[in-house]
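Peer 1: For reference, the structure I am asking about is given below.
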């Protein structure tokens, strides 16, 4: 992972990012059900024109965040050509925001969007690609990819999905999903070690469900996860993630930004 962290260091100190997937329920009045995620994704992609993207960026900046992780639905390969991606980049710049990650699936189109937006890695899944194919695409485009844990409960499960990992393929730890699965986040982080290249910092109210809550108030042991990240010399971004089904995440954005900042 030496090559990876050389890139991370060159980009400056770790940043705390607002993950725009937090706004999954924005198009339906901040009400939705997790089982309808893909419906929300499609609706969001359809609704996100330049004006909508500008409004989102301005609202994020107003909460104090300087960095964002762009959710695929907000910069969809089905909707964005290179010219639109350049417009999205200008809107980010105008709001004083730096895009540090792309929450979505690896593909030639999403890699191109990341190139235009200046994003170094995609965090989510390999899409239809095998680890070997994904590695080749990453090398070709210069865009890395990190697999995010959802059903996985161990480092071994995550490593298997990326062919044990390499300089181009790593792991994105989602602390909330580890809490949902009822496993020790710190243990999984330490077992993944240098393969942890990105994080989604999230908390959940109880194991067995995905009811998100303010950081530190749930069962995901987020504070312990942050300490484990420091123990493995993690130097990437901390992307705050909270996709509530019944409230506006902007209401707790400043609080959660301050919570992370006090611990990293």
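In our numbering, the protein residues as written are 29 to 292. Glycine residues also receive a C-beta, built at the ideal position from the N, C-alpha and C atoms.
1) The beta strand (DSSP E) that contains residue 13, what's its start and end?
2) Less than 8 Å between the beta carbons of residue 184 and residue 204, yes or no?
3) Can you tell me whether DSSP reads residue 274 as helix, strand or coil?
4) Alpha carbon to alpha carbon, how far is residue 212 from residue 126? Give it in angstroms, no decimals.
5) Mapping the DSSP letters down to three states, classify residue 197 as helix, strand or coil.
6) Please determine if the region 111 to 120 and the region 191 to 198 are in contact, where contact requires at least 3 C-beta pairs separated by less than 8 Å.
7) Run the CB neighbour count on residue 54, radius 10 Å, all protein chains shown included, and call it buried at 16 or more, exposed below.
8) Could you tell me the boundaries of the beta strand (DSSP E) in which residue 149 lies?
9) For the alpha helix (DSSP H) containing residue 119, list its first residue and its last residue.
10) Quick test of the definition: if touching needs 3 or more C-beta pairs under 8 Å, does the region 100 to 111 touch the region 67 to 77?
11) Rounded to a whole number of angstroms, what is the C-alpha to C-alpha distance between residue 137 and residue 168?
12) Based on Cα-Cα distance, which residue from 187, 207, 222 and 70 lies nearest to residue 260?
13) Of all the beta strand (DSSP E) runs that stay within the bounds of the region 202 to 238, which reach a length of 3 or more residues?
Peer 2: In short, the structure shows the following:
1) No information on residue 13 is available, as it lies outside the stretch 29 to 292 that the chain covers here.
2) No, Cβ-Cβ distance for residue 184 and residue 204 is not below 8 Å.
3) coil
4) Approximately 31 Å, taken between the alpha carbons.
5) strand
6) no
7) When all chains shown are included, residue 54 counts as buried.
8) 149 to 153
9) 110 to 122
10) Three or more Cβ pairs drawn from the region 100 to 111 and the region 67 to 77 lie within less than 8 Å of each other, which places the two stretches in contact.
11) Rounded to whole angstroms, residue 137 to residue 168 spans 13 Å at the Cα level.
12) 222
13) 224 to 229
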